[in-house]
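Asker: Numbering (the working numbering), first residue to last: 1 to 809.
For each residue, glycine too, the CB sits at the ideal point set by N, CA and C.
The structure follows.
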């Protein structure tokens, strides 16, 4: 004997029922079979709605009955041969007329009792299984339709109808012995009491019917057919990479299902579990897939993490107070109060100090839970021994499930680390005494990302995936994309890494695709994207809830830097070459650093100072080992160094500026370089990294051009710059006459920071720094002779290579 149960989606229409028939026909060839079916998809909910509308004397219930009848009649006409259509259609019409009469009584009484609702709901399974039975008959397959109301008997219990197993199992055996057909068809979910009044078996009732039949008949197997390929390591709607769990123990399956996996409902399959009957979960629409086998001793069960599940709409109840310390009975009184109020506790944690206790319940029970608890502890609350119960809503429970977790060292640490790396705060932690699950409570809006990162940690491939959100599509961004594309094979083979571009924007347009955008297609796709809005761009990126996400700022836009805090707080790392965000107020800089410390999320900005030069990391390294930075001198503008090392009077300074701009050595607006603004920002970042607190307006800038020049628009600026040719030439000749060279230098120490054009002699370390090179001299307690970092510090390709290094750090 085998029992096959089909859910509502499996029998939703004629095509789906045809799939069911094919599956069962093959099963009948192998063994005697009991087929249990639910109502057609959505039917039970409609029947409940019909009953409620009738009780409210809303005559629209008749329209819903008509539509439901039309749906069933449509299935009959599409599924059955002509010779079988009329009889079943007529019988179905009579059945719906009975439903109308029952609802009419509810309408006039203005009351929907539990018994009446059970009777109304029972029509769904009766109708669906009669259609299925008739389809088999039309194919010449002899079958017997067994009315579950005649064989499964119930009595009232404290939490619903309870099956009277002794009577029910006796009825089942009698029915099977007196009807020897190889196929028995039974409506799920429905039963009756000893007075023959229709009852129902509650949530998962059809599964329960199937499990009862399996236990009563000592079936060799119980198959549960739905619309998924068995139980999965995570919800595939959240984690597309989730895989089917091929074998799982009963206890593991119950743990997964308790915390949200909807494939099975643990209480309903208990009869099969108690008999040790294997349960196979399969997909009606992919019958060749082996599905999931739930059994006592699955192969390779020891040491395996099976899956991740979630329960949403959770409220946290916190009770605390000094009066709880050392006083027994508080927990028992709280649990008793909640039980008396009909509140189910989902999760419990308590501090070892016994000063606080936290329980998780369903959000819908929050108000009555608070009322019940505050009532029980009213006396203690009045004496300030206990605080009124604190209720917090909007949480989810994420559970990691596997047999024998106690013998798997580091499992909890890996789980918590994966969540923490994404900047997600854990509000509560619990582990069952059986040690088959570890559960954490997080904010509901963080639950998708939590599941993704945990799944990646335990089930991900060796390959790691970085998801990039890129702001900017200028020279730096294009150079970065080129590096990523050219290093793809190296990244995979040497780093086990894949970099996916999931969103990119420029000042006009933006595009996104969580599956990834082909780098070679960005140029053609970006102009077709939606209008660019940096705040909307951030929303799109954060809503994707992708693990290992990085926001890459390749712009020089102030508005983009204002979003760093939000990205970091959402668990998204930030890599930037944009100096503005780190060189604004000291308060803003401190806020960014504090977020990074508190969340553990990285903000990397090596390229803000020296493109690909390791300047910031060198200073940090010295300070981390206890060395104090005393002062820093630096050439920080590759642009200005290029201009002043190239300039010899033979080519106009204005022409050199234009050459540098075209070569990508300058900022998008070269005035930022020439005014010293770029150097000022870099110097400010270096000062702060060195431990000196400075505001932008505290830096002394000695410009070599008139400040009024920089207020004009770019065309006028170039025109007026020509007026300064003689002044620049005179400064050059003066320096050259002394055997010196002009260099734009920043000086930083505890007294402050100054930047300006200086004439330096051949003994100065910066004398031979030419072209785009930057050079930074670091004086510290240990480096009284300076530690010098020198190299090219300007250019899109160098900046892009520095960003690439930051991505991999």
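What does the Cβ neighbour count give for residue 92, buried or exposed, with the cut at 16 atoms within 10 Å?
Answerer: Flag for residue 92 reads buried.
Asker: Tell me which residue opens and which closes the alpha helix (DSSP H) that residue 540 is part of.
Answerer: Segment 534 to 543, the alpha helix (DSSP H) holding residue 540.
Asker: Give the secondary structure of residue 302 by DSSP, where H, G and I count as helix, E and B as strand, and everything else as coil.
Answerer: Reliability fails at residue 302, whose pLDDT of 46 lies under 50, so the model's placement of it is uncertain and the value that follows must be treated cautiously. Coil, per DSSP.
Asker: Helix or strand or just coil, what does DSSP make of residue 455?
Answerer: The answer is helix: DSSP assigns residue 455 an H, G or I state.
Asker: Going by DSSP, which residues form a beta bridge with residue 756?
Answerer: DSSP output for residue 756 lists 702 and 745 as bridge partner(s).
Asker: With DSSP collapsed to three states, give me the class of residue 139.
Answerer: It is coil, neither helix nor strand.
Asker: Bridge partners of residue 158, per DSSP?
Answerer: None; residue 158 has no bridge partner.
Asker: Are there 16 or more other CB atoms within 10 angstroms of the CB of residue 296, so buried, or fewer, so exposed?
Answerer: Exposed: under 16 other Cβ atoms inside 10 Å.
Asker: Reducing DSSP to helix, strand and coil, say where residue 175 ends up.
Answerer: Reduced to three states, the DSSP call for residue 175 is helix.
Asker: Hey, is the segment 677 to 694 in contact with the segment 606 to 620, meaning 3+ C-beta pairs nearer than 8 Å?
Answerer: Yes, they touch.
Asker: Figure out for me which residue from 273, 232 and 807 has the closest Cα to the Cα of residue 219.
Answerer: Nearest option by C-alpha distance: 273.
Asker: Does any residue of chain B have a CB that is nearer than 9 Å to the CB of residue 295?
Answerer: This model lacks chain B altogether, as it is built from one protein chain only.
Asker: Closer than 6 Å by C-beta to residue 484: which residues in its own chain qualify, once you throw out the five before and the five after it? Chain order, please.
Answerer: Excluding sequence neighbours, residue 484 sits near 499.
Asker: Classify residue 536: buried if its beta carbon has 16 or more other beta carbons within 10 angstroms, exposed otherwise.
Answerer: Residue 536 comes out exposed.
Asker: Within a Cβ cutoff of 7 Å, which residues of the same chain sit near residue 589, ignoring the five residues on either side of it in sequence?
Answerer: Excluding residues within five positions, the ones whose Cβ falls inside 7 Å are 582 and 688.
Asker: Is it right to say residue 178 is buried, meaning 16 or more other beta carbons lie within 10 angstroms of its own, or is it exposed?
Answerer: Classification of residue 178: exposed, given that the 10 Å Cβ count is below 16.
Asker: Over the uninterrupted beta strand (DSSP E) stretch that includes residue 484, give me the two end residues.
Answerer: Here residue 484 belongs to no beta strand (DSSP E); instead the alpha helix (DSSP H) covers 475 to 486.
Asker: Ordered along the chain, which non-local residues of its own chain (more than five positions away) have a Cβ less than 7 Å from that of residue 15?
Answerer: Once the five neighbours on either side are set aside, residue 15 has no close Cβ partner at all.
Asker: Please specify which runs of the beta strand (DSSP E), each continuous and at least 3 residues long, are wholly inside the segment 624 to 651, giving them in chain order.
Answerer: DSSP runs (the beta strand (DSSP E)) wholly in the segment 624 to 651: 629 to 635.
Asker: Just to confirm the assignment, what range does the alpha helix (DSSP H) spanning residue 653 have?
Answerer: Element bounds for residue 653: 653 to 662.
Asker: Ordered along the chain, which non-local residues of its own chain (more than five positions away) have a Cβ less than 6 Å from that of residue 808?
Answerer: So the list is empty, once near-sequence residues are dropped.
Asker: By DSSP, does residue 184 sit in helix, in strand, or in coil?
Answerer: Here residue 184 sits in strand by DSSP.
Asker: Could you tell me whether the Cβ atoms of residue 194 and residue 164 are closer together than 9 Å?
Answerer: Yes; because the gap between Cβ atoms is below 9 Å, this pair is in contact.
Asker: Let me make sure I understand the geometry here. Which of 703, 299 and 280 has the alpha-carbon closest to that of residue 293?
Answerer: Residue 293 has its Cα closest to that of 280, out of 703, 299 and 280.
Asker: Would you mind stating whether residue 421 and residue 453 have Cβ atoms separated by less than 9 Å?
Answerer: Yes, the Cβ-Cβ distance between residue 421 and residue 453 is below 9 Å.
Asker: Residue range of the beta strand (DSSP E) that residue 319 falls in?
Answerer: Looking at the DSSP string, the run of the beta strand (DSSP E) that includes residue 319 is 307 to 320.
Asker: Assuming residue 666 is part of the alpha helix (DSSP H), what are its boundary residues?
Answerer: First-last for residue 666: undefined, no H or E at that position.
Asker: Based on the DSSP output, what are the partners of residue 392 in its beta bridges?
Answerer: According to DSSP, which records beta bridges pairwise, residue 392 is partnered with 316.
Asker: Going by C-alpha to C-alpha distance, which of 731, 702 and 32 sits closest to residue 653?
Answerer: When each option's Cα is compared against that of residue 653, the closest is 731.
Asker: Using a Cβ-Cβ cutoff of less than 7 Å, which residues in the same chain neighbour residue 784 once the five nearest sequence positions on both sides are dropped?
Answerer: Cβ neighbours of residue 784 beyond the five flanking positions: none.
Asker: Please determine, among 775, 18 and 379, the residue with the shortest C-alpha to C-alpha distance to residue 640.
Answerer: Residue 775 is the option with its Cα nearest to residue 640.
Asker: Would you mind working out which of 558, 344 and 268 sits nearest residue 578, comparing C-alpha positions?
Answerer: When only C-alpha atoms are compared, the closest one is 558.
Asker: For residue 621, collect the residues of the same chain with a Cβ closer than 8 Å to its Cβ; drop the 5 residues on either side in sequence, then sort them by chain order.
Answerer: Cβ neighbours of residue 621 beyond the five flanking positions: none.
Asker: Given this structure, state the Cα-to-Cα distance separating residue 497 from residue 490, to the nearest angstrom.
Answerer: Approximately 9 Å between the Cα atoms of the pair.
Asker: Look up residue 504 in the DSSP assignment and say whether it is helix, strand or coil.
Answerer: Strand at residue 504.
Asker: For residue 283, which residues of its own chain have a beta-carbon under 8 Å away from its beta-carbon, when the five flanking residues on both sides are left out?
Answerer: Taken in chain order, the residues that qualify are 225, 226, 227, 228, 229, 230, 289 and 291.
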